[in-house]
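Only one structure is covered here, and it is reproduced in the block below.
In my numbering, the protein residues as written are 5 to 184.
Right, dumping it as structure tokens:
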């Protein structure tokens, strides 16, 4: 006799499934009886069937796109519960979640630095200096450090590829046609 860990009933060992454990080279008896395993499989199948029948497109994603709009009251309560557990507070007047010092009550983020676009082009003088240093026999990393550029940039200006525009990707069909 063995007690099922799911239904807590004492049953014969023949009412349990067995399995082969390849590492220990032994047969073992499962903890759930065959009836409980069958019920579990049936519940799973029913759940999968129910999920297939739900038309998620009819629900739509509109509630995700607009702040403070929820499908029902339960979703709103769950959202508020989770946000408050994470330490966020709700500004009722503006309808904004905030958590100092990350986000202030007025909805601004004080710690974000404004991104400034940098000019990534290299001046003609820098290119001439790169080529001059290369003529002197300096290595790419030395040139890069001295000119304030990346070593791959220094290499590109020291060893220009004359076929740069010609080496673009050609689809196989066109490639085969051009070879003939």
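Every residue, glycine too, gets a C-beta built ideally from N, C-alpha and C. In this text the structure is predicted, and so the values were computed from the model without any measurement.
- Of all C-beta pairs linking the stretch 109-120 to the stretch 132-145, fewer than three are shorter than 8 angstroms, placing the two stretches out of contact.
- A distance below 6 angstroms between beta-carbons, with the five flanking residues on each side excluded, links residue 155 to the following residues of its chain, in chain order: 144, 145, 148.
- Separation of the CB atoms of residue 162 and residue 135 is rounded to 7 angstroms, and the pair is thereby assigned contact status at 8 angstroms.
- Buried is the label assigned to residue 137, since at least 16 other Cβ atoms lie within 10 Å of its Cβ.
- Secondary-structure assignment with DSSP links residue 14 through a beta bridge to 7.
- Collapsing the DSSP output to three states places residue 92 in coil.
- Listed as beta-bridge partners of residue 33 by DSSP are 22.
- By the neighbour-count definition (other C-beta atoms within 10 Å, threshold 16), residue 158 is a buried residue.
- Burial state of residue 20 is buried, judged by a 10 Å Cβ sphere holding 16 or more other Cβ atoms.
- Pairing residue 52 with residue 38, the inter-Cα distance amounts to about 21 angstroms.
- Cα atoms of residue 45 and residue 25: separation of roughly 22 angstroms, rounded to the nearest angstrom.
- Assigned with DSSP and collapsed to three states, residue 102 falls in strand.
- Of all alpha-carbon atoms in 89, 55, 101, the one lying nearest the alpha-carbon of residue 71 is that of 101.
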